Amino acid sequence: MTEINLDRLLVGRDEIERRVAELAEQINADYSDATTPVSIVVVLKGAVFFAMDLLRRLSIPARIDFVQASSYHGSFDSTGEVTLQKDITMAIGGTDVLLIEDIVDTGLTASWLIEHLETHRPRSIRLATLLSKPDRRRLPVHIDYTGFVIPDAFVLGYGLDFEEGYRHLPEVYVASPKS
Ligand code: PRP
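Residue 26 is where the sequence shown starts when you use our numbering, and the numbers rise one by one after that.
Laid out in structure tokens, this is it:
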């Protein structure tokens, strides 16, 4: 297993907590008129940490399901290929869908997932992400709720992994492989 250096703290716990609370407030307001529960679709695995903190602050009726798709086959770069590993089982037709990501990087995964969810004919789809790396975008993605815009650096923690490790760190770090 490659060893990793945590080079610097990028987003600390307090900052995450504050921003998550702001996003939740915005989402609560935006969906306050919804007549049916919002269908929350969380992208496994990285978004689970962000989603759980965010969802605990939602006061609107919501239903929750998970999807797993990946565009990362190497460790540090995106191959451009999206594969679906786990689909939703919840019916989302005619409902308002809120897709929750931990990071939008090239945009391939989020674009692909939105297109995929659209085949179920929901009433609306919005996208929330903890992190966005606009410098890496290969496909334009409309993000409705962004936690933090970050530079093009390798980041981990608060859901983001390296070889499945480091997800449980409570904050986001810039990291690099130990040479
Ligand atoms: C990460 C992240 C997004 C995607 C973003 O998932 O959770 O789903 O990559 O990259 P993109 O914008 O370039 O498509 P990953 O495949 O690493 O899975 P994980 O969440 O299980 O770590």
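Even glycine gets a Cβ: it sits at the ideal position worked out from N, Cα and C. Keep in mind the model is a prediction, meaning the values are calculated, not measured.
Can you list, in chain order, the residues of its chain whose CB lies under 7 Å from that of residue i, leaving out five sequence neighbours each side?
i    : result
D177 : K158, D160 and R161
R148 : G119, T120 and D121
A49  : L79, R82 and L83
N30  : A200, S201 and K203
In terms of residues, what are the limits of the alpha helix (DSSP H) holding residue i?
i    : result
E47  : R38 to D55
T134 : L133 to E143
A76  : V73 to L80
Mind checking whether the beta-carbon of residue i lies closer than 7 Å to any heavy atom of the ligand PRP?
i    : result
G71  : yes
G132 : yes
E106 : no
D177 : no
D39  : no
I29  : no
D58  : no
At the level of alpha carbons, what is the spacing between residue i and residue j?
i    : j    : result
I150 : A200 : 33 Å
N53  : K203 : 43 Å
I113 : E42  : 28 Å
R38  : V45  : 10 Å
E64  : T144 : Before going further, note that residue 64 is Ser rather than Glu in the sequence given. Answer to the nearest angstrom: the Cα atoms are 15 Å apart.
D169 : E126 : 11 Å
Just to confirm the assignment, what range does the beta strand (DSSP E) spanning residue i have?
i    : result
V166 : Counting along the chain, V166 falls outside any beta strand (DSSP E), and DSSP gives it neither H nor E.
K111 : T108 to K111
Which same chain residues, not among the five before or five after residue i, have their C-beta less than 8 Å away from its C-beta?
i    : result
Q93  : V68, L69, K70, L109, Q110 and K111
E205 : Any question about residue 205 goes unanswered here, given that the chain covers just 26 to 204.
Suppose the cutoff is 6 Å on Cβ atoms and the five residues either side in sequence are ignored; what does the same chain contact list for residue i look like?
i    : result
V197 : L35, V36, V180, G182 and Y183
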